[in-house]
Amino acid sequence: MPPQPKWPSEEMLGPVIGALADPVFVIDAETHALAFNAAARLLAPALRLGEPLSRSLRSPDMLDAAMRVVAGGEAEKAAWVERLPVERWFEAHIAPVRFPGFRTAAMISLRDLTEAHRVERMRVDFVANASHELRTPLASLLGFVETLQGPAKNDEKARDRFLGIMREQAQRMARLIDDLLSLSRIEQHMHVRPVEAIDLTVLVAHIVDTLTPMADEGGAPIALDLEPNVIVPGDHDELARVIENLVENAIKYGCAEEGRPVEISLARVGASAVFTVRDHGPGIPAEHIPRLTERFYRVDAGKSRAKGGTGLGLAIVKHILLRHRGRLAIESSLGEGSLFRVTLPV
């Protein structure tokens, strides 16, 4: 009878691990790879059979746990964080693999926790930012109430001034709560694609008409170039919110220089409708552009709050476009203004 192999072969292990969706590696006592599945190959494309796993996976804690398991220990769990090229979190489940007549090997199954970590981090940041944004106007309101009840109780001039500030702070909280509720409603229906036929040309023209007084007051005239009868499937109110947010932002923050207008255009391009808003303001530094659609992210927090911004406008735009299977592109250069491009399927 031919001698028994010391370790299970890839032919024996391959069918077992090949159907698993998570990355799975089988190693011997020296952490040499005996087998791995397709998901593992994607994670460690340079790994070859018979090579040490440590050449491809830099996780001493996980490999130490695997060596304890293959030496006869019980199943273990270990955490692994990959920092480059992007940060990723994994939970490794390491269990012994025993076949009659063979020496024990270890099976490492990696569960990708990256998305869960990102969602949790986003939740923590969201709660912290939301509470901060509400706490500031609340503290202001309480301070003015105490002042009106005390030192300024009989000061009519101070009372009128304080009541005006209190009104502004209350409106700020109301805008923030409205935006938070809007974001929540959009996320609840994210999986349902809107199908109502919307005439985007008429909608853009209507929104621009309502914002023209604000543009005139801010010294930013609006130049329109709209192709007629651009029809897209969508939700009327949500698409109106996208247009309103982008045009209002251009008027507020993209202050036109020497009367140069905010340029708004809409046209069909292939199978898509492309809506663009361009201003000729100060522009946005390149390092801020990738983060503009994050909740509560502001390039200039003080200026944004002074103009009534909640820090949620572009986050709402992004989520609405995701629901509509659309895209938002942002281009900007310092001193040359900014361009926001929305692409929607026709």
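Counting along the sequence shown from 1, when you hit position 121 you're at 120 in numbering that gives the first Met the number 0, and nothing is skipped either side.
Each residue gets a CB set at the ideal place from its N, CA and C atoms; glycine is no exception.
Report all residues from its chain with a CB closer than 8 angstroms to the CB of Arg267; omit the five preceding and five following residues, and keep chain order. Counting from one through the sequence shown, the residue named residue 267 turns up at place 268. These residues qualify, in order along the chain: Glu226, Val229, Val273 and Val345.
Exposure label - Lys317; buried when at least 16 CB within 10 Å:
What you label residue 317 is simply residue 318 of the sequence shown in a count that begins at 1. Classification for Lys317: buried.
*Under a three-way DSSP split, which group does Ile283 fall into?*
Within the sequence shown, residue 283 is the residue found at index 284, counting from 1. Ile283 falls in the coil class under three-state DSSP.
- Message: Whether or not the region 276 to 294 and the region 327 to 341 are in contact is what I'm after, with contact meaning three or more pairs of Cβ atoms, one per stretch, closer than 8 angstroms; do they touch?
- Response: yes
### Message
For Phe24, list the residues DSSP reports as bridge partners.
### Response
By 1-based counting over the sequence shown, the position of residue 24 is 25. Note: Phe24 sits in a beta bridge opposite Phe35 and Ile107.
Closest Cα partner of Ile221 within the set Pro260, Leu245 and Ser271:
Walking along the sequence shown from the start, residue 221 turns up at place 222. It is Pro260 whose Cα lies nearest to the Cα of Ile221.
* To do: Confirm, please, whether the CB-CB distance from Leu202 to Ile242 is below 8 angstroms.
  => Mapped onto the sequence shown, residue 242 falls at position 243. Mapped onto the sequence shown, residue 202 falls at position 203. Yes, these two residues count as a Cβ contact at 8 angstroms.
Taking a contact to mean a Cβ-Cβ separation below 8 angstroms, would you say Glu90 touches Arg120 in this structure?
Here residue 90 corresponds to residue number 91 of the sequence shown, with the count starting at 1. Here residue 120 corresponds to residue number 121 of the sequence shown, with the count starting at 1. Not a contact, by the Cβ cut-off of 8 angstroms.
- Message: If you follow the alpha helix (DSSP H) that Met98 is in, where does it begin and where does it stop?
- Response: Here residue 98 is taken as the residue at index 99 of the sequence shown, counted from 1. Just to set this straight, residue 98 is Phe in the shown sequence, not Met. That residue, Phe98, is in no alpha helix (DSSP H); it is neither H nor E in DSSP.
For Leu147, which residues of its own chain have a beta-carbon under 7 angstroms away from its beta-carbon, when the five flanking residues on both sides are left out? Taking the first residue of the sequence shown as 1, we reach residue 147 at position 148. The residues are Arg158 and Phe161.
Task: Uninterrupted beta strand (DSSP E) stretches inside the region 160 to 200 (no shorter than 3 residues) - done: 196 to 198
Do you know offhand how far Gly325's Cα is from Ala38's?
Taking the first residue of the sequence shown as 1, we reach residue 325 at position 326. Taking the first residue of the sequence shown as 1, we reach residue 38 at position 39. Whole-angstrom Cα-Cα distance: 30 angstroms.
query: Helix or strand or just coil, what does DSSP make of Lys152?
result: To locate residue 152, count along the sequence shown from 1; it is residue 153. DSSP places Lys152 in coil when its eight states are reduced to three.
Tell me the residue span of the alpha helix (DSSP H) that contains Gly336. What you label residue 336 is simply residue 337 of the sequence shown in a count that begins at 1. That residue, Gly336, is in no alpha helix (DSSP H); its beta strand (DSSP E) goes Gly336 to Pro344.
| In or out: Val341 buried (at least 16 other Cβ within 10 Å) or exposed? | Against the sequence shown, residue 341 aligns to sequence position 342. Flag for Val341 reads buried.
Quiz item: What three-state label does DSSP hand Glu247 in the structure shown?
Solution: In the sequence shown, the residue the question calls residue 247 occupies position 248. In this structure, Glu247 counts as helix in the three-state DSSP scheme.
Find out if the Cβ-Cβ distance for the pair Ile315, Leu182 is shorter than 8 angstroms.
For the purposes of this step, residue 315 is taken as residue 316 along the sequence shown, with counting starting at 1. For the purposes of this step, residue 182 is taken as residue 183 along the sequence shown, with counting starting at 1. The answer is yes: Cβ separation under 8 angstroms.
Using the three-state DSSP reduction, which class does Thr275 fall into: helix, strand or coil?
Along the sequence shown, read from residue 1 onward, the residue named residue 275 stands at position 276. Correct three-state label for Thr275: strand.
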